[in-house]
Amino acid sequence: MTSGIILRSFSVMLFLISTASFGAEDLPRLNAADSLFDEEKYTEAMESYLSLFEDDFSTPSMLLKMAYVADATGNYPFALYYLDRYYKISGDRLTVGKIKDLAEANDLSGYVYSDVDYLAAVFSKYKIVVFALILAVLLSLTFYTYKKAHLGERPYAVLVIQFFLGGVLFIMVNFKTEEKAIIISNQSLLRSGPSAGAEPVTVIDRGHKITILEKSDVWSRILWDGDEVFIRSSRIKLI
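Numbering follows numbering that gives the first Met the number 0, in which position 24 of the sequence shown is assigned residue number 23; successive positions increment by one, without gaps.
Spelled out as structure tokens, the structure:
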């Protein structure tokens, strides 16, 4: 009986997640953009993709197509941006080779991917499904424990499992990796402090990938060549 409750709860979770992730108004727009891409109308397709992207909608296939158009038009920082976003949600290791080739061709730094990055990508890919499954199991076990308590029983083994799964959920919700960004403007000046009057450190061109330590609307504190420096937030794009 408990397994039946779990399966029904999980099915409901997946249905709610799928309907929340893909709004009815987004799919026709995506299909229209894909049709433009297939017809090699890349400029129009990119405009449609960007409109969807600005509405917080994207799919792995869409990100790859955006990267293709950006690369074809010489906009390599955004090609790298879309490829990196694709990697983060797909865990496709073949993408790393393309990213590294594009970065090396433009003499860019910061594009190093470790096993931790791969695990984070895989985690991101399956996070919603795993979260829904654990939540469904927890709800079912809570109902089971409640019934047993009314019968005067104390299922300690079930309580241990609940405690463990609750800890896993807590880790999933609070799991974070280093925040990364790509420089999107040429001749970006790095300063020693968050002020236009702070001492200049160096000037870097677009395309480099950097680690964000702290971000505000005006200035961001970043790591560059092992040092903490500041850059205007308008010159970077978070991945």
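Glycine included, each C-beta is placed from N, C-alpha and C at the ideal position.
- Item | Residue environment, V68, which counts as buried when at least 16 other CB atoms sit within 10 Å | In the sequence shown, the residue the question calls residue 68 occupies position 69. V68 comes out buried.
- Query: If you draw a straight line from the alpha carbon of P154 to that of A135, how long is it in whole angstroms?
  - Reply: Mapped onto the sequence shown, residue 154 falls at position 155. Mapped onto the sequence shown, residue 135 falls at position 136. Going by the C-alpha atoms only, they are around 19 Å apart.
- Message: Quick check on the DSSP output: the beta strand (DSSP E) that includes S187 runs from which residue to which?
- Response: Start at 1 with the first residue of the sequence shown, and residue 187 comes out as number 188. Where S187 is concerned, the enclosing beta strand (DSSP E) stretches over S187 to R190.
- Query: When the Cα of K236 is compared with those of I181, V167, V159 and F163, which residue comes out closest?
  - Reply: Locating residue 236 in the sequence shown gives position 237, where the first residue counts as 1. Among I181, V167, V159 and F163, the Cα nearest to that of K236 is on I181.
- Query: Going by C-alpha distance, which of G225, R234, L62 and V159 is nearest K214?
  - Reply: For the purposes of this step, residue 214 is taken as the residue at position 215 of the sequence shown. Considering only alpha carbons, the answer is R234.
- Task: Taking V202 and S219 to be in contact with their CB atoms under 8 Å, please state how far apart those CB atoms are, rounded to whole angstroms.
- Result: Numbered from its first residue, the sequence shown carries residue 202 at position 203. Numbered from its first residue, the sequence shown carries residue 219 at position 220. Rounded, the Cβ-Cβ distance is 16 Å, inconsistent with contact.
- Query: Between which two residues does the beta strand (DSSP E) harbouring K179 extend?
  - Reply: Within the sequence shown, numbered from 1, the residue matching residue 179 stands at position 180. Start and end: E178 to I182.
- Message: Is it buried or exposed, S20, if we count other Cβ atoms within 10 angstroms and call 16 or more buried?
- Response: As a working mapping, residue 20 is identified with position 21 in the sequence shown. Interpretation of S20 is limited by its pLDDT of 48, a score under 50 that renders its predicted location unreliable; the figure taken from the coordinates is listed afterwards. Exposed: under 16 other Cβ atoms inside 10 Å.
- Could you give the DSSP three-state label for I235: helix, strand or coil? Taking the sequence shown and counting its residues from 1, the one referred to as residue 235 is at position 236. It is a strand residue.
- Have a look at D100, M61 and E46 and flag the residue whose alpha-carbon is nearest the alpha-carbon of I88. Taking the first residue of the sequence shown as position 1, residue 88 is located at position 89. Taking only the C-alpha atoms, the option nearest I88 is M61.
- Apart from the five residues just before and just after N185, which ones in its own chain have a Cβ nearer than 6 Å to its Cβ? The residue labelled residue 185 in the question sits at position 186 within the sequence shown. The residues are D204 and R205.
- Please report the residue range of the alpha helix (DSSP H) in which S34 lies. The residue labelled residue 34 in the question sits at position 35 within the sequence shown. Residues D25 to D37.
- Message: For D37, tell me which candidate among K64, D25 and V217 has the shortest Cα-Cα distance.
- Response: Along the sequence shown, read from residue 1 onward, the residue named residue 37 stands at position 38. Minimum Cα distance to D37 is reached at K64.
- For F229, write down the residues that DSSP places opposite it in a beta bridge. Within the sequence shown, the letter at position 230 stands for residue 229. Answer is R190 and R220, bridged to F229.
- Inter-residue CB distance, A120 and Y86 (contact presumed, cutoff 8 Å): One-based indexing of the sequence shown puts residue 120 at position 121. One-based indexing of the sequence shown puts residue 86 at position 87. Between Y86 and A120 the Cβ distance is about 6 Å, and since that is below 8 Å, they are a contact.
- Message: Using C-beta distances below 6 Å, list every residue in its chain close to F77, excluding the 5 sequence neighbours before and after it, in chain order.
- Response: Sequence index remark: in the sequence shown, residue 77 carries index 78 (1-based). Counting only Cβ-Cβ distances below 6 Å, and skipping sequence neighbours, we find A69.
- Out of E46, E24, V228 and V167, which has the shortest C-alpha to C-alpha gap to V129? Locating residue 129 in the sequence shown gives position 130, counting from the first residue. Comparing Cα-Cα distances from V129 to each of E46, E24, V228 and V167, the minimum goes to V167.
- Task: Starting from E198, follow the beta strand (DSSP E) in both directions and report where the run begins and ends.
- Result: To locate residue 198, count along the sequence shown from 1; it is residue 199. Careful: E198 lies outside any beta strand (DSSP E) and carries neither H nor E.
- Task: Tell me whether S20 sits in a helix, a strand or coil according to DSSP, three-state version.
- Result: In the sequence shown, counting from the first residue as 1, residue 20 sits at position 21. Reliability fails at S20, whose pLDDT of 48 lies under 50, so the model's placement of it is uncertain and the value that follows must be treated cautiously. In the structure shown, S20 sits in a helix (DSSP, three-state: H, G or I).
- Drop a sphere of 10 angstroms on the beta-carbon of S2, count the other beta-carbons inside from all chains shown, and report buried for 16 or more, exposed for fewer. If you number the sequence shown from 1, residue 2 lands on position 3. Because the pLDDT of S2 is 45, which lies under 50, any placement of that residue in the model is unreliable, and the question is left without a value.
- Task: Would you kindly work out how many angstroms separate the C-alpha atoms of I230 and T144, rounded to a whole number?
- Result: Residue 230 sits at position 231 when you count from the first residue of the sequence shown. Residue 144 sits at position 145 when you count from the first residue of the sequence shown. When rounded, the distance between both Cα atoms is 54 Å.
- Message: Can you check which of these residues, L107, D55 and T42, is closest to E24 by C-alpha distance?
- Response: In the sequence shown, the residue the question calls residue 24 occupies position 25. Residue D55 is the option with its Cα nearest to E24.
- Between which two residues does the alpha helix (DSSP H) containing E103 stretch? Counted from its first residue, the sequence shown places residue 103 at position 104. Start and end: L93 to A104.
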